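The structure appears below as structure tokens.
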Amino acid sequence: MTSQPQPQQSLWHRLLDAKITRRNVLGTAAASAAALTLPVAFSDAQAAANNGAPVNADPTRLKPQTVAPFRPIEPTRADTMTLPAGYRFQVLAPWGETFTADGREIGFNHDFIGYFPADMLTGGQSATDALLTINHEYVNPLFVGGNTKERTPAQIKKEMESVGVSVVRVRKDGQTWKVIPDARNRRIDAMTKIELTGPVRGTAPVKGATVVSGSVGNCSGGQTPWGTLLTCEENVDGYTKAWPGSGYEAMHQGWVTEIDPFDADWMPKKRTAMGRFRHENAAVKVAQDGRVVVYMGDDMQDACIYKFVSRGKYNPANRAANRDLLAEGDLYVANFGNGTWILLDYDRNKKLQEAKDDAGKALFAGQAEVLADARASALAIGGTPVDRPEDIEIHPRTGEVYAALTNNSKHGNYFGHIIKFREDRDDLTAEKFLWEVFAYGGPQSGFASPDNLVFDPYGNLWMVTDNSDLGTNPIKEYHGNNAMFFFPTEGPDAGKAYRFAVGPIDAEMTGPVFSPDGKTLFLSVQHPGEDSESLDKLTSNFAAAQGSKVPRPTLVAIEGFPGWTA
């Protein structure tokens, strides 16, 4: 009998093995949270610094929760949003809904959600009135254009209009959230003009361009303390063939794009100093010295985790200057073998100058080439390839950085895990860190393929899964549809997963964000009915419009939370 080839063990998995040599894997989820014994030296002001949507509760004043504040639910394959008793959901801003004065429609396949209180620029934190930014990652031609073999120019244009970002004003009226008219409601799509900034602007890798067309592959993202969106361009390489004749340039995509939801006249900016790779997320926080730090994951098997540190410093009194902070700075890649951040700078890192391909030719001519292929640069200088780094978020009280590593079939990791690391001296700009595994996916923990993360002010971690590409994999037998889980990060149950929500058939839930008062959780429901063979054989009808059976990607607003209380 011929034995099956075993997945090759990677450097990352050897490092993982070293972490768990003395522990029982079944107990790791609870034990690992206590294993990181570093001093906590954050001041209240530092811990409460804005690293996402504002919250009305100071996280340093809230007692950590050590058990789930709801009755966990069981896995299900139902075609709805399943929630614990006492919670309810509302469909909000579904695909195809008209929301601008000129007739623009909400885009397709919702992903990251940014919550910007309508009164944010005057110091407010409204929990009932906001500009929401919604990423639209990609289109399903079956639903958007009819899935014809040869697409017409009109079909291609429709697809190009359906990706990117929607900026949507919403307001809570009693118990109901509504989209309301606003001059700032708008679409940023595959044809919107966007400025390139930073070292790659006007250089050979982008064919001399300074202004490019569109933002595509918009996956997760982040929010800055000065009230802008960072939308992350992830899977961008297939659009050249998908949109023939559109003038699409692959190297013009794959960046972090900054958008000001409050100012429709401000041209969006692609921040090339942050590197080009499959950007999943952007976790933003102001460091102790005032510089801005952004943590990012490259969503591929055997890819790396990055940190960007701005050159300039954040000034709460100068929003205009803050909007240029991400144009210049240093990009680092994580080496988990020795817990260091390695600088991706051609002039300051001799390894980049000496890097050669198999034919002996120099890989990089200068910093523009280093940033334009940040993945190759990172691997050339010792960045550690890990298991599909997706979302990364910063704990609001401890400053620890959590990263979801979704899975890696190349090395037999079908379940994924969540890690956390802490910077040396609690300084986000440090070049050294310690790391631990926070939770392992698998039947013993009840979850698989961790994806997007969000913290609440108590320090609880909320996570959504992405098992969308697993087909009939046995994982779905215990996991059911993609789900949302709650994890305490302190106490005896730290790292234990409690199932809070289950999405509809074929869908994944993405972009979780709480309203500032903690009473509403916004979630994107992406690609319900994705596996439908035709419009006559739909696998889901979730959020279908009246008179239709076609499922629609949408936001849902989940109510039933008591709000933040000390």
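Residue numbers (full-length UniProt numbering): 1 to 566. All C-beta atoms in this analysis are idealised placements derived from N, C-alpha and C, irrespective of residue type, glycine included. On a predicted model such as this, the values are computed, not experimentally measured, just so you know.
#1: Exposed or buried, Ala368, counting other C-beta atoms within 10 Å across all chains shown (16 or more means buried)?
#2: Does DSSP put Asp424 in a helix, in a strand, or in coil?
#3: So the alpha helix (DSSP H) Met160 belongs to, where does it begin and stop?
#4: When you compare the CB of Phe487 with every CB in chain B, is at least one pair closer than 9 angstroms?
#5: Which runs of the beta strand (DSSP E) at least 3 residues long sit entirely within the stretch 194 to 268? Give them in chain order.
#6: With distances taken from CA atoms, which of Ala372, Gly145, Val464 and Glu423 is nearest Gly416?
#7: CA-CA distance, Ala321 and Asp263?
#8: Since Ala93 sits in a beta bridge, which residues does DSSP pair it with?
#9: Starting from Tyr402, follow its DSSP beta bridges and name the residues at the other end.
#10: Which whole-angstrom value is the C-beta distance of Tyr332 and Lys307, which I expect to be below 8 angstroms?
#11: Pick out whichever of Met251, Cys219 and Ser524 has its Cα sitting closest to the Cα of Lys207.
#12: Which of helix, strand or coil does DSSP assign to Phe561?
#13: Bridge partners for Glu105 per DSSP, in chain order?
#14: Quick one: measure Cβ to Cβ for Ala448 and Tyr414, integer angstroms, because I've assumed they're closer than 8 angstroms.
#15: Using the Cα positions of Glu105 and Asn338, report the straight-line distance between them to the nearest angstrom.
#16: Any idea if Tyr402 is buried or exposed, counting beta-carbon neighbours within 10 angstroms, 16 or more meaning buried?
#17: Is it true that the CB of Gly114 sits closer than 9 angstroms to the CB of Trp95?
#18: Hey, Thr520 and Ile558 are a contact pair by Cβ (cut 8 angstroms); roughly how many whole angstroms apart?
#19: How many angstroms separate the CA atom of Ala430 from the CA atom of Phe421?
#20: Would you please state the rounded distance, in angstroms, between the beta carbons of Asp79 and Ile505? I believe it to be under 8 angstroms.
#21: Going by C-alpha to C-alpha distance, which of Arg425, His13, Lys19 and Glu354 sits closest to Trp435?
#22: Identify which residue in Ala282, Trp564 and Asp237 has its Cα closest to the Cα of Ser230.
#23: By how many angstroms is the C-alpha of Val513 removed from the C-alpha of Gly491?
#24: Measure from the alpha carbon of Gly86 to the alpha carbon of each residue in Asn541, Phe500, Lys537 and Ala543, then state which is nearest.
#25: Classify Ala68 as helix, strand or coil using the three-state DSSP reduction.
#26: Under 9 angstroms, do His136 and Asn235 count as touching if we go by C-beta distance?
#27: Roughly how far, in whole angstroms, is the beta-carbon of Arg271 from the beta-carbon of Val256, given that I think they are within contact range, below 8 angstroms?
#28: Could you tell me the alpha carbon to alpha carbon distance between residue 567 and Ile381, rounded to whole angstroms?
#29: Check whether the Cβ atoms of Ala273 and Leu326 sit closer than 9 angstroms, and answer yes or no.
To lay it out plainly:
#1: The count along the sequence shown starts at 1 and reaches residue 368 at position 368. Buried: at least 16 other Cβ atoms inside 10 Å.
#2: As a working mapping, residue 424 is identified with position 424 in the sequence shown. DSSP places Asp424 in helix when its eight states are reduced to three.
#3: By one-based count along the sequence shown, residue 160 stands at place 160. Bounds of the alpha helix (DSSP H) holding Met160 are Pro153 to Glu161.
#4: Included in the structure is just one protein chain, with no chain B present.
#5: If we require 3 residues or more, the beta strand (DSSP E) runs fully inside the stretch 194 to 268 come out as 211 to 213, 218 to 223, 229 to 233 and 256 to 259.
#6: Taking the sequence shown and counting its residues from 1, the one referred to as residue 416 is at position 416. Ranking Ala372, Gly145, Val464 and Glu423 by Cα distance to Gly416 puts Val464 first.
#7: Counting from one through the sequence shown, the residue named residue 321 turns up at place 321. Counting from one through the sequence shown, the residue named residue 263 turns up at place 263. One C-alpha to the other measures close to 15 angstroms.
#8: In the sequence shown, the residue the question calls residue 93 occupies position 93. Note: Ala93 sits in no beta bridge, so no partner.
#9: For this step, residue 402 is matched to residue 402 along the sequence shown. Tyr402 has Glu393 and Lys420 as its beta-bridge partners, per DSSP.
#10: By one-based count along the sequence shown, residue 332 stands at place 332. By one-based count along the sequence shown, residue 307 stands at place 307. About 5 angstroms; that satisfies the 8 angstroms criterion.
#11: Indexing the sequence shown from 1 puts residue 207 at position 207. Residue Met251 is the option with its Cα nearest to Lys207.
#12: Position 561 of the sequence shown, counted from the start, is the residue given in the question as residue 561. For Phe561, the three-state secondary structure derived from DSSP is coil.
#13: For the purposes of this step, residue 105 is taken as residue 105 along the sequence shown, with counting starting at 1. Paired residues: Thr98.
#14: Residue 448 sits at position 448 when you count from the first residue of the sequence shown. Residue 414 sits at position 414 when you count from the first residue of the sequence shown. A Cβ-Cβ separation of about 7 angstroms places Ala448 in contact with Tyr414 under the 8 angstroms criterion.
#15: For the purposes of this step, residue 105 is identified with residue 105 of the sequence shown, where counting begins at 1. For the purposes of this step, residue 338 is identified with residue 338 of the sequence shown, where counting begins at 1. Their Cα atoms are separated by approximately 49 angstroms.
#16: If you number the sequence shown from 1, residue 402 lands on position 402. Classification of Tyr402: buried, given that the 10 Å Cβ count is 16 or more.
#17: The residue you call residue 95 lines up with position 95 of the sequence shown. The residue you call residue 114 lines up with position 114 of the sequence shown. No; because the gap between Cβ atoms is not below 9 angstroms, this pair is not in contact.
#18: Against the sequence shown, residue 520 aligns to sequence position 520. Against the sequence shown, residue 558 aligns to sequence position 558. The pair is a contact, with the Cβ atoms about 7 angstroms apart (cut-off 8 angstroms).
#19: As a working mapping, residue 430 is identified with position 430 in the sequence shown. As a working mapping, residue 421 is identified with position 421 in the sequence shown. Just so you know, the alpha carbons of Ala430 and Phe421 end up roughly 12 angstroms apart.
#20: Position 79 of the sequence shown, counted from the first residue, corresponds to residue 79. Position 505 of the sequence shown, counted from the first residue, corresponds to residue 505. Contact holds; Cβ gap of about 5 angstroms.
#21: As a working note, residue 435 is residue 435 in the sequence shown. Here the closest residue by C-alpha is Lys19.
#22: The residue labelled residue 230 in the question sits at position 230 within the sequence shown. Reading the sequence as shown, one finds Leu at residue 230 and not Ser. Nearest C-alpha to Leu230: Ala282.
#23: Here residue 491 is taken as the residue at index 491 of the sequence shown, counted from 1. Here residue 513 is taken as the residue at index 513 of the sequence shown, counted from 1. Each residue's alpha carbon lies about 24 angstroms from the other.
#24: By one-based count along the sequence shown, residue 86 stands at place 86. Just measuring C-alpha positions, the residue of Asn541, Phe500, Lys537 and Ala543 sitting nearest Gly86 is Phe500.
#25: As a first step, residue 68 must be located in the sequence shown, where it is residue number 68. Looking at Ala68 - three-state DSSP - the assignment turns out to be coil, as it is neither helix nor strand.
#26: In the sequence shown, the residue the question calls residue 136 occupies position 136. In the sequence shown, the residue the question calls residue 235 occupies position 235. Contact flag unset, no.
#27: Working through the sequence shown from its first residue, we reach residue 271 at position 271. Working through the sequence shown from its first residue, we reach residue 256 at position 256. 5 angstroms between Cβ atoms; contact.
#28: Since the displayed the chain opens at 1 and closes at 566, residue 567 lies outside it and no answer follows.
#29: Working through the sequence shown from its first residue, we reach residue 273 at position 273. Working through the sequence shown from its first residue, we reach residue 326 at position 326. Inclusion of Ala273 and Leu326 in the CB contact set at 9 angstroms is warranted, their separation being smaller than that value.
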